[in-house]
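Read through the structure below, which is laid out as structure tokens, and then see the notes.
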Amino acid sequence: MIGHEPAEAWLRRALRTDRLAHAYLITGPRSVGKRTFALEIAQAVNCLAPEVDDRPDRTCQQCRLIERGVHPDVRVVKRAPERRMIAMRASGSPREYADNVEFIQADAQLRPVMGRRKVYLIVYAEELAEDAGNRLLKTLEEPPPFVLFLLTAIERGGVLPTIASRCQELRLQPAPRGQLATALEDLGVESERALQLAALAGGRQGWAVNAARDPALFEQQRVFAQQLVEALRGSRVDRLVRARALSERWYGHPDTVRETLRVWMSWWRDVLLVQLGLLNRIVHLEGSERDALRSAAANVSHGSAREAAAAIQQTLADLDTNVNARLALDLLLLRLPALR
Ligand SMILES: [Zn+2]
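In the working numbering, the protein residues as written are 74 to 413.
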């Protein structure tokens, strides 16, 4: 875990003074390491290391079971894949989803089986349905002393206010590029590649580590950027064809579409940086891609580049609030500036 020094320092202090609240909302950008940090807290409160300062040691039985996701007292609660929200009642999914609030309510009353604390890690707390969230309030407010709730969300504002108000917020910041590159090198990534990955990651260390292990992920980002450049050079009809392809993908593979738009947004941000003279060394791009970026920086006004990045960001947010995906993507593709 890097770039999270304030959060780490907070955890150290909380453990040392034994002053842990019973519910935390861990917020931060996608892939910044929210779930990893939550699991670190779960390990720290259950670790068998005799010295508090050594917790979590990641080697004792408790730590290892949590790491492997099989500790009986640490439950990851998330939406079942076939559902839209984390709901009140069980969906009939395998039990590991524990995607329902009735289960948490009942289970939270039972003492831990082998650890000191029972931990419920609710990932994507934005996906808590309102009735289920309201049902959870009482347990969240006054849980048994051995229960700890950890919720993760991108923004506090995306979580039901009644839930958010009962949690202390811990905000994780993206890792600075240099630190991320160094950390990747420590993992054995060759230094030029570590720089490239750190630049592409935009602070998302989870993504950077995955991409270091999986060259296909790295390659995929280049393909997405290339698709954007082709769209910017394409006719109106060509853009609409691309928009349709994206909206069709949205229904089966929303994460791929999110990732595509995220790459597009960071491409426009790079254009802005080039215009400001802040990105002279574009380490993560090869010849033709670098040329496209320079050409956009020279031919598109700063205002239009900024609007393009903002429009993509807005579309990403809109897609997650169930707008008509086809319409939203059509409009976006038609709005982006043209590149000759
Ligand atoms: Zn341990």
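A virtual CB, placed ideally from N, CA and C, is assigned to each residue, including glycine.
Between the Cα of T212 and those of V344, Q182, A226, spot the shortest distance and give me the residue it belongs to. Q182
Considering only residues of the same chain and omitting the five flanking positions on each side of A87, which have a CB-CB separation below 7 Å? L93
For ligand 1, is there any heavy atom lying closer than 7 Å to the beta carbon of R128? yes
Take the Cβ of H77 as the centre, count every other Cβ of all protein chains shown within 10 Å, and call the residue buried at 16 or more, exposed below. buried
Grouping DSSP H, G and I as helix and E and B as strand, with all else coil, what is E242? strand
Looking at T225 and N207, is the spacing between their C-beta atoms short of 8 Å? no
Let me check you understand the geometry: is the CB of A111 closer than 7 Å to at least one non-hydrogen atom of ligand 2? What this structure holds is ligand 1, not ligand 2.
Pull up the distance between the alpha-carbon of E113 and that of L243, whole angstroms please. 14 Å
Threshold first: 4 residues or longer. Then list the alpha helix (DSSP H) segments lying entirely within the stretch 146 to 200, N to C. 174 to 180
Might you give, ordered along the chain, the residues of its own chain that have their beta carbon closer than 8 Å to the beta carbon of L389, omitting 5 neighbours on each side? R331, L334, R335, M338
Quick one: Cα of L18 to Cα of P123, how far? In the structure displayed, the chain extends from 74 to 413; residue 18 sits before or after that span and is not available.
Would you mind listing the beta strand (DSSP E) stretches within the stretch 86 to 134 that are 3+ residues and don't spill past its ends, in chain order? 96 to 100
Assumed close pair L406, A316 - CB separation to whole angstroms, cut-off 8 Å: 4 Å
For L138, is the beta carbon positioned less than 7 Å from some heavy atom of ligand 1? no
Are the Cβ atoms of L253 and A274 separated by less than 8 Å? yes
In whole angstroms, what is the alpha-carbon distance linking R168 and V344? Here the model assigns R168 a pLDDT of 48, short of 50, so the residue's position is not dependable and the matter cannot be decided.
What does the alpha-carbon distance come out to for the pair R256 and E265? Rather than Arg, the amino acid found at residue 256 in this sequence is Ala. Spanning the two alpha carbons is a distance of roughly 13 Å.
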